Amino acid sequence: MKADERKEAILKCATKLFSTQGYYQTHISDIIKEAQIARGTVYQYFTNKDEIFITIVDTFFDKWRDMISFESARIDLATISPKGYLRYRILQTLIFLSKDADLCNIALRIGLGLPEKVSQTINRFEQKTMEMIAEDLRFGQQEHNVPDNINVETTAAILTGALLRTAHHYFVGKRRQRGYSQKEIEKIADDFVAVFTHGIFVPRDKMSISAA
Numbered sequence: 226m227k228a229d230e231r232k233e234a235i236l237k238c239a240t241k242l243f244s245t246q247g248y249y250q251t252h253i254s255d256i257i258k259e260a261q262i263a264r265g266t267v268y269q270y271f272t273n274k275d276e277i278f279i280t281i282v283d284t285f286f287d288k289w290r291d292m293i294s295f296e297s298a299r300i301d302l303a304t305i306s307p308k309g310y311l312r313y314r315i316l317q318t319l320i321f322l323s324k325d326a327d328l329c330n331i332a333l334r335i336g337l338g339l340p341e342k343v344s345q346t347i348n349r350f351e352q353k354t355m356e357m358i359a360e361d362l363r364f365g366q367q368e369h370n371v372p373d374n375i376n377v378e379t380t381a382a383i384l385t386g387a388l389l390r391t392a393h394h395y396f397v398g399k400r401r402q403r404g405y406s407q408k409e410i411e412k413i414a415d416d417f418v419a420v421f422t423h424g425i426f427v428p429r430d431k432m433s434i435s436a437a
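Residue 226 is where the sequence shown starts when you use our numbering, and the numbers rise one by one after that.
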């Protein structure tokens, strides 16, 4: 096994254990046993359990950020509708979170009592999600598609909480052996967008860009 493959195997086994057993109940010895490797092999890549956990969450965040990027999908922001803009962000996030129930569980649970550095890392995903939504709302205000009197911070917090709770409900709480199809995830995203569309966007007859 190549070095990068071995490191990935360690992270995959650790992810499963952190999700099922929790942070404090998972020990280096558990990861070694699950990955079926020598103790010294783990320490070739990681100094301790904290570093393994932080690497998992940081990698998760980087992949999510790439997944929701408009640039990677080559979407023209000048032509996409406000509703389409929101739907894309929501759908891509749901698709991403649906791919790995264990990662989803780690990223979306609140780590009470965790070491400070670890706690900051696990909360980063939620904070970055809220910041992304806030930026999108401000962009919508600039384009006159989102009312100026909407409280951006409050709305972003509401949307973030609803999105992450929805993802946890379906991809962790109602975990399926076969997973969710693309069509099923699109239906979840459409239902989510439908609930919030009227509260976020300027009425159609007042929009500078009509919503699809």
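Virtual Cβ for every residue (Gly too), placed ideally from N, Cα, C. Since this is a predicted model, take the numbers as computed values, not measurements.
Straight-line Cα distance separating residue j from residue i
i, j, result
"Phe321", "Gly386", "17 Å"
"Asp327", "Thr245", "8 Å"
"Gly309", "Lys342", "37 Å"
"Phe271", "Val420", "44 Å"
"His252", "Ala228", "22 Å"
"Asn273", "Arg403", "34 Å"
"Arg299", "Arg290", "15 Å"
"Leu384", "Arg401", "25 Å"
"Phe396", "Ser323", "6 Å"
Cβ-based neighbour list, residue i, same chain, cut-off 8 Å, excluding 5 preceding and 5 following
i, result
"Ala438", "Look at the range of the chain in this structure, 226 to 437, and you will see that residue 438 is not part of it."
"Ile281", "Leu236, Ala239, Thr240, Phe243, Leu328, Ile331"
"Asp255", "Leu242, Gln246"
"Val418", "Lys308, Leu311, Arg312, Ile315"
"Ile279", "Lys342, Val343, Thr346"
Close Cβ partners of residue i (< 7 Å) along its chain, the five nearest in sequence each way excluded
i, result
"Val371", "Leu362, Gly365, Ile425, Phe426, Val427"
"Ala260", "Ala234, Ile235, Cys238"
"Leu319", "Ala392, Ile410, Ile413, Ala414"
"Val267", "Ile235, Ile253, Ile256, Ile257"
Report yes or no: do the segment 390-399 and the segment 356-370 share at least 3 C-beta pairs separated by less than 8 Å? no
Is there contact here, the segment 273-285 with the segment 240-249, by at least three beta-carbon pairs under 8 Å? The answer is yes - the segment 240-249 touches the segment 273-285, with three or more Cβ pairs under 8 Å.
Within the segment 252-307, ranges of the alpha helix (DSSP H) (whole runs, at least 4 residues): 253-260, 264-270, 274-292, 295-298
Note down, one range per segment and in chain order, each beta strand (DSSP E) of at least 3 residues found wholly within the segment 331-410. Counting whole runs of 3 or more residues, the segment 331-410 contains no beta strand (DSSP E) stretch at all.
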